[in-house]
Every structure is written in structure tokens, then in C-alpha cells.
RNA sequence: GCGCCCGUAGCUCAGCUGGAUAGAGCGUCGGACUUCUAAUCCGUUGGUCGCAGGUUCGAAUCCUGCCGGGCGCGCCA
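Numbering (the working numbering), first residue to last: 1 to 567.
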């Protein structure tokens, strides 16, 4: 809570205690942003809440509350309105102090793992990975900002039966894997798949090859490593283009847990949590039922003796809790895996691997759709390559920059990338992640309304003003114009908004907030001349510009969107 | 069949965890550039919050039941 809000909350609680007794003073002061500008800055609904237990009318309660409330030096005299709302309006000086006060968070001494992006070796990254990566980056930034020690984990799909098949196909073709690119790998996979479906002998060889891989056969591992390397190199390029901080150091693929899988089975077995069913080792947990009402298993070890993805996820949780000592685990994975994570979390709790105080959260997100309302694919039904989408957005941004011709040629490429990529990211982040959304470049790059470019434009305007002013900004002291007050009030809410995002893991709340700031800035920009104003007003407005620019820059930074100084 | 999610203006979405006459953008229509970048701003238009009950001072928000849509439900991840 911002300093201003906590002062108000304390005063309100004090007034309630004084007027009605200590038993009511502990209530949530119900401080909310005013619903309309004419109602002031904040409102409290305490009087309505208290009316019943006190056996008095809400307005009578409100009057007593206001009588007991001393807000001298903080607010205008409080006003009672409607059925019993108490409206509070901060003094301009208090509002100014709130803007001047920097937002800082002390380290929490808590560690969080964020598991996200999760592309698959030998497959092109697609829009699903885009969502996970963009949302995951934003959440990492926000969590770190509010004081968490953040560990990124990219749980790359680099292990499993398909690699036995692929290695076998490589040997069959006598292929030099290192010479392939990601597209070549994907085609190799498809050839292997067809081979596997058509040739029984190849099936046997593939299965044997999986065993060789998992038991560490040098030749098999060498080929597998080359496939991983080709894929990681491609992921590195995409992350760089996307502006994601993910690196090789964050990659902890499924293969990393291979050595720990037997222990997962052994320990579950000792704990009496495993049942043999159809040759597979399964955990049946209360509350999970399948299609016909029969118990739904978590398959920990498959009937062929291999480990499934559940075993890997279980091992990962143990590693994170025991070795990384985390206090919170976050998975940014599409919503279709909701049931899977419920089962994994429940099993870990049952096994005692995931202590009660450590929350494990599935940050679910919806599907990216094409304009036809179906999952986003090419006309041929293939997944759309991420690199091409990013190029497309950047090209459109470039076309707009060329048209406007405000930037030098040499600056346009960099800004076009920032704007194009920013547009895609913002479109992904700005509505509640649980919703599906339609990938429509036209709309994203239209750059009008609630879009990334709108925020960037506001920031660029501020950068220009501050550069032209040519002086270090001072402090906000004068807030007379309604446009100034509106902007200042919004700026004081930055810290609270970021905290909310850290709690709910919903980045769109930050988007909504930043859009409101940018819109308020635009109005201020129209109504209040800065450079041509004089004296203290000019100084104060410059400071307000600097504060707004800082919030926009920090906020976009948290979203993973860069803010050019001109566009 | 069971479970999770979604349903708010013509379209795309918010709605701060129960508060005032439900808000933005796009679109429509009408204004504002010799003035800090008009990728902007100001005004206008537009809703039976899927439907029906319930809870209470008060419901888009919480509960129940329906309707419509998406997704998931044993060896893929």
C-alpha cells in the first residue's frame, strides 16, 4: 500500500475505534478509488458496512465517523454522499508528495521459481510458446520488482520416446545432425514418425534406442546432444528477437531430471502411493475421476518401464523444494494442462514433497486463435513460425515509421522492432490471460487505442519534452489543473498495482493501469503546456512529466516492452 | 457422463475480490494541428451484464439450477 493510502487507512481505523469502539476498528477500512472524479480521490464504504451492526442508519454512522476523523493536513474536509459513502479528496500538497516519493521494495527473503516458455527440441516455436514466454517474462520481472528472488526455469521438452525414434532415423539415414537447422530437425521427426508407423522392425529399434538414450549410451547421447544444440541455438535467436532474457543458463530440460526418476518411483512406492495397473505404476488420488467415474491415475512409470512426463514434473518439484529451497512455484502453461497440474500438486502434497506453506500455482492461459476462431495455424494446418510473426509485426511498424518520417533512417530499424514486438507482447498481455485471443496483426499494429504503441508514444512525447527542457527535473509542487491532479493520483498507484500483479499473477492489471496513465498523460499534454509555462508551474509540470515517464518506462519494462525515446 | 474455464455496447475487452447512474478502445457522427510529435485530444452514439431463482441495506461480482461455447478426462507433453 502506498504511503498515502496507509496513512488514510490508519486514520480511518482510529476514527472508527474512537466513535464506535475497538471491536470495529479492526475492520478493513474499505478504502477504494473514487468511482468518479466528482467524488474526490478515494471513498470508504465503512458507514454502510457498520450500519447494521450498530443499528443506525448509514448516514448517521457516516456523520459520526466523519466527526471522529481528523484529516487535517492530508485531505479536504470529508464529504458524505449518497446512502453513506464518505468521499476523500487529498490536498494537492499531499498528492504532490505522493508523486515525489519513489517506489521501492525491500527484498522479501523469499524465492520463487517460474517455469515457463517450455519449447520442444526439434520443433519450431509457435504462438503457444509465445504466450508462455511473454507472460512468464512479465511475471518474473514483476516478482523480482516486489522483492522476490526469482529463478527462471525453462523446462524444455528434450526427453522421451520420440528421441529414440529420431536418433534411430538419423543412424538409418546416416545424417549429419549438426548440419541441420530447426526446420530440418522437424522434417526428420516427421520422416521418423512415418517410418515408425510403417515398419515394425524400426519400432523395435526405436524402443531399444530410447533405453540406450536413458541409460547414457555415448553414441546415442552424442546424436541427441546435437539435436538439442541445434534447437537451443534456434530458441536463443527467438528469445533475442523477442527481447526475452531467457538464456541457456535457464534451461533445465526434462532430461536434467533423468537421474532422479527412479527415486521418484521408489519413494512413492515406499509411501504406499503407487498401484500397479495394466503394467503401469500409477498413483490414484481421491477426488480425481475419469470418463466413466473410475479413479483417474497419475501414470508415474509406463507399462514399458519408461517414465512419462508426470515423473519428470514430480522430480522437478522435489528439486525445486529440496535443492533450490523455493517458497513459491509458478507454472506458466496453457489452460489445457489444468487437470495435470492439479494431480501433480496433489500427489506432491500427499508424498510430503511440497510443504503446505509453499504455493504451487498453475498460471493458465487461453489459446491463440486465428481469424477463423480456431487455433492459430497456417492454411496447411501447420503451426505458424514465431520468427515470421515477429518479422511481420516489425515490418508493419517500419512502414508506419517510414510514412511519418519523423525519425532518421538510421534509427528506424531499432524503433520498428521495439514497436512491432511491443505491439505483439502488449496484445498478449493486455487482456486476462485465461481468455483466448485472436492473433490479428492488423489490430495489434493499428496502434490506436489500448495498445503497446500508444504507451510507447506517450513515453516518447515525454522524452522529447524533457530533452527540450534541458534541465534536471525537480519536484512536483503545483497541482491546480484537474488534468494534473488526475495524472498525479494515478501515478501514486503504481506500486499497489505491481503488488496486485505479483499476487494475482495477472499482468493485464498492469496494462490497464499503464493505459490509464498514458491516457491521463495525453489529456494533460493537451490541456497543460509544459515548456511554455513559467516559474514554479513549469518546474512542477516538468517534474510531473519526469515522474510519468518513469512510471511508463518502469511499467513497460516490467511487461518486457521497450520504450524508445522517439517514434 | 464428470470436471475446469468463458458468456458484459455492433466488434475487442476492463470492471480494483459486494458499493453510487456498469466503464474503455475500435466503429459511427461532429469538432480541434502557424502552438511541447494529430500514432493525439474533446464531444456524440451505443448495454435485459446468457436465462431463472436465492443470499442482503446493496449483486456484473457470492450460492443453486438451467442455456450456449471452449477445453480436459490411462500410458503424448
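Even glycine gets a Cβ: it sits at the ideal position worked out from N, Cα and C.
| Check | Outcome |
| --- | --- |
| Can you grab the Cα-Cα spacing for the pair residue 344 / residue 314, in whole Å? | 7 Å |
| Considering Cα atoms alone, identify which of 111, 110, 42 and 454 is closest to residue 79. | 42 |
| Check whether the region 8-20 and the region 67-77 touch, using three or more Cβ-Cβ pairs below 8 Å as the test. | yes |
| Which residue from 268, 501, 546 and 513 puts its Cα closest to that of residue 136? | 501 |
| Looking only at C-alpha atoms, which of 22, 452, 358 and 376 sits nearest to residue 366? | 376 |
| Which of the three DSSP states, helix, strand or coil, is assigned to residue 157? | strand |
| Considering just the uninterrupted stretch of the alpha helix (DSSP H) at residue 12, what are its terminal residues? | 3-20 |
| Start and end of the beta strand (DSSP E) containing residue 333? | 328-334 |
| Rounding to the nearest angstrom, what Cα-Cα distance links residue 287 and residue 347 in this structure? | 12 Å |
| Would you say the region 458-470 touches the region 509-522, given that touching needs at least three Cβ pairs under 8 Å? | yes |
| How long is the line joining the alpha carbons of residue 95 and residue 75, rounded to whole angstroms? | 10 Å |
| Which one of 226, 427, 437 and 532 has the shortest CA to CA distance from residue 512? | 427 |
| Hey, is the region 437-445 in contact with the region 465-478, meaning 3+ C-beta pairs nearer than 8 Å? | no |
| Compute the distance between the beta-carbons of residue 156 and residue 113, then report whether it is under 8 Å. | no |
| Could you spell out where the beta strand (DSSP E) holding residue 75 opens and where it closes? | Residue 75 -> no beta strand (DSSP E), and no H or E assigned at all. |
| Determine the burial state of residue 435: buried for a count of at least 16 other Cβ atoms within 10 Å of its Cβ, exposed for fewer. | exposed |
| Nearest by alpha-carbon distance to residue 97: which of 332, 278, 3 and 235 is it? | 3 |
| Below 6 Å CB to CB, which residues in the same chain sit around residue 290 once its five sequence neighbours on both sides are set aside? | 296 |
| Is the region 485-502 close to the region 536-554, with three or more CB pairs under 8 Å? | yes |
| Below 6 Å CB to CB, which residues in the same chain sit around residue 544 once its five sequence neighbours on both sides are set aside? | 476 |
| Just verifying my parser: in three-state terms, what is the DSSP assignment at residue 116? | coil |
| Measuring CA to CA, which of 358, 208 and 486 is closest to residue 574? | Lying outside 1 to 567, the shown extent of the chain, residue 574 is not represented and no answer is given. |
| Specify the secondary structure class of residue 149 as computed by DSSP and reduced to three states. | strand |
| Identify the continuous alpha helix (DSSP H) that holds residue 545 and give its terminal residues. | 535-559 |
| Between the alpha carbons of residue 139 and residue 125, how many angstroms are there, rounded? | 20 Å |
| Could you give the first and the last residue of the continuous beta strand (DSSP E) run that contains residue 287? | 280-289 |
| My parser needs the alpha helix (DSSP H) runs of 4 or more residues fully inside the region 238-271; what are they? | 261-270 |
| State the CB to CB distance for the pair residue 40 and residue 8, rounded to an integer number of angstroms; the pair is presumed to be in contact (CB under 8 Å). | With a Cβ gap of about 12 Å, residue 40 and residue 8 do not count as contacting. |
| Express the C-alpha separation of residue 6 and residue 318 in angstroms, rounding to a whole number. | 39 Å |
| Going by beta carbon distance, what residues of the same chain come within less than 7 Å of residue 147, once the five residues before and after it are set aside? | 105, 106, 107 and 108 |
| So, using beta-carbon positions, are residue 483 and residue 527 closer together than 8 Å? | yes |
| Can you check whether the CB of residue 445 is closer than 8 Å to the CB of residue 396? | yes |
| Once you ignore the five residues that flank residue 326 on each side, which residues in its own chain have a CB closer than 8 Å to its CB? | 111, 112, 113, 151, 320 and 358 |
| In whole angstroms, what separates the C-alpha of residue 334 from that of residue 115? | 12 Å |
| By how many angstroms is the C-alpha of residue 369 removed from the C-alpha of residue 570? | The chain is shown only over 1 to 567; residue 570 falls outside these bounds and no answer can be derived. |
| Alpha carbon to alpha carbon, how far is residue 558 from residue 145? Give it in angstroms, no decimals. | 8 Å |
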